[in-house]
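Numbered per our numbering, the sequence shown spans residues 224 to 478.
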Amino acid sequence: MHLHYETYGQGHPLLILHGLFGTQENWRTLSKAFGQQFHVFAFDQRNHGRSPHSDVFTYEAMTEDLHEFMQEHRLTSAHVLGHSMGGKVAMRFALTYPDLVDTLVVVDIAPKVYPPGHDDVFAGLYALDLPTLRSRQDADAALAQHLPDLALRQFLLKNLERTESGAFRWRINLDGIRDNYHEMLKGFDLTGTYTKPTLFIKGADSGYLKDDDLVTIRELFPQARLVTIPNTGHWVHAEAPREFARIVSEFLENG
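Next comes the structure, spelled out in structure tokens:
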């Protein structure tokens, strides 16, 4: 699968993987900042953004998408950074192809099974009657009946685009994500370890990554360090971008 991506800067490659319902556009400001030190490749993962849609939506498939990309671009190794769903892809990629990953950064996710947590999101997105929508304001008003969090609605509505005729459509493969959502909740069934420098970043107010998860994390990533950024939630990189960029840049430079 040929993933859509944007690239910034020069230097050693840094691959950035967004989370569920996200796109590489969510990372554009940070990608440009990291581009001052590295050659950044920021991806739309399958079924997201401008990348192709597929009925297959698993961590195994996304791991192979990344491997295929590195082969096509003749990248012999890279730093890999992933947030949430992208963090699970990054972890799996490092465990599957450790020689291709120089350092690993995982943002607010652990290698474990998660309970379902997006019922309201799916309900809200499917409640939008796209053929009758006249504006993004109408879409936001309809979505607000299911999702009171304005920041979350704005994040999700970035997946809405207009066709040439002026009608709205989803850029994400909403059906494909819904039908395979259970795959996104899975833990890891891999053996082996990734023994190179690894950084986990946690939002202090997020429930996705807990201190107790370090036991499981270090079974797979024995060099893992955990950094918590105060006053941030699951979108820690968006809520504290300067601190996030400083922490990641220092880690990638010094290991």
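C-beta atoms are modelled at their ideal positions from N, C-alpha and C, and glycine is treated no differently.
Whole angstroms is fine: what's the gap from residue i's alpha carbon to residue j's?
{"i": "histidine 169", "j": "phenylalanine 244", "result": "The question about residue 169 has no answer, for the chain in this structure spans 224 to 478."}
{"i": "serine 472", "j": "threonine 455", "result": "19 Å"}
{"i": "asparagine 477", "j": "isoleucine 470", "result": "11 Å"}
{"i": "phenylalanine 378", "j": "threonine 418", "result": "35 Å"}
{"i": "threonine 319", "j": "lysine 381", "result": "32 Å"}
{"i": "threonine 281", "j": "methionine 407", "result": "7 Å"}
{"i": "glutamine 294", "j": "glycine 232", "result": "20 Å"}
{"i": "leucine 304", "j": "leucine 240", "result": "6 Å"}
{"i": "phenylalanine 411", "j": "proline 338", "result": "15 Å"}
{"i": "alanine 461", "j": "arginine 273", "result": "21 Å"}
{"i": "phenylalanine 474", "j": "glycine 389", "result": "45 Å"}
{"i": "leucine 366", "j": "glutamate 291", "result": "37 Å"}
{"i": "aspartate 343", "j": "alanine 374", "result": "15 Å"}
{"i": "histidine 369", "j": "leucine 356", "result": "17 Å"}
{"i": "histidine 405", "j": "leucine 323", "result": "28 Å"}
{"i": "histidine 235", "j": "glutamate 287", "result": "21 Å"}
{"i": "glutamate 387", "j": "proline 275", "result": "19 Å"}
{"i": "histidine 457", "j": "proline 354", "result": "32 Å"}
{"i": "lysine 409", "j": "valine 279", "result": "15 Å"}
{"i": "proline 371", "j": "aspartate 436", "result": "30 Å"}
{"i": "arginine 441", "j": "glycine 242", "result": "22 Å"}
{"i": "methionine 224", "j": "alanine 284", "result": "9 Å"}
I'd like to confirm the pairing. Which residues does DSSP put opposite residue i in its beta bridges?
{"i": "isoleucine 424", "result": "Val330, Val450"}
{"i": "valine 263", "result": "Tyr231, Leu237"}
{"i": "valine 324", "result": "Ala301"}
{"i": "histidine 306", "result": "Val330"}
Restricting to Cα atoms, I'd like to know which of the options is closest to residue i.
{"i": "leucine 443", "options": "Asp278, Ser307, Leu413", "result": "Leu413"}
{"i": "glycine 430", "options": "Ser254, Gly340, Gly309", "result": "Gly340"}
{"i": "phenylalanine 264", "options": "Leu237, Asp322, Asn270", "result": "Leu237"}
{"i": "phenylalanine 467", "options": "Phe292, Glu229, His306", "result": "His306"}
{"i": "aspartate 363", "options": "Pro453, Leu353, Arg376, Arg357", "result": "Arg376"}
{"i": "serine 358", "options": "His227, Glu287, Ala333, Glu384", "result": "Glu384"}
{"i": "valine 438", "options": "Pro453, Thr355, Asp428, Lys335", "result": "Lys335"}
{"i": "proline 321", "options": "Ala374, Gln268, Gly415, Val459", "result": "Gly415"}
{"i": "aspartate 428", "options": "Asp331, Glu387, Lys255, Pro354", "result": "Asp331"}
{"i": "histidine 271", "options": "Pro464, Leu253, Met308", "result": "Met308"}
{"i": "serine 254", "options": "Tyr228, Arg441, His457, Asp278", "result": "Tyr228"}
{"i": "arginine 269", "options": "Leu353, Ile452, Glu283, Leu226", "result": "Leu226"}
{"i": "phenylalanine 391", "options": "Leu289, Met285, Asp361", "result": "Asp361"}
{"i": "leucine 432", "options": "Gly310, Asp267, Pro354, Phe266", "result": "Gly310"}
{"i": "phenylalanine 266", "options": "Ala284, Thr230, Val279, Ile440", "result": "Thr230"}
| How about the stretch 380 to 400 and the stretch 409 to 424: do they share at least three Cβ pairs that are nearer than 8 Å? | no
| message | Taking 8 Å as the cut-off, does the stretch 401 to 410 touch the stretch 339 to 349 (at least 3 CB pairs, one atom from each stretch)? | response | yes
| Is the stretch 248 to 263 touching the stretch 314 to 328, taking contact as three or more C-beta pairs under 8 Å? | Contact between the stretch 248 to 263 and the stretch 314 to 328 is absent, because fewer than three Cβ pairs lie under 8 Å.
| query | Any contact of the stretch 321 to 337 with the stretch 431 to 450, i.e. 3+ C-beta pairs under 8 Å? | reply | yes
| message | Assess contact between the stretch 248 to 258 and the stretch 287 to 298, defined as three or more Cβ pairs (one per stretch) separated by less than 8 Å. Is contact present? | response | With a cut-off of 8 Å, the stretch 287 to 298 and the stretch 248 to 258 do not count as touching, because too few Cβ pairs lie within range.
| field | beta strand (DSSP E) runs contained entirely in the stretch 372 to 426, provided each spans 3 or more residues | value | Scanning the stretch 372 to 426 for uninterrupted beta strand (DSSP E) segments of 3 residues or longer gives 383 to 385, 391 to 393, 421 to 426, listed from N- to C-terminal end.
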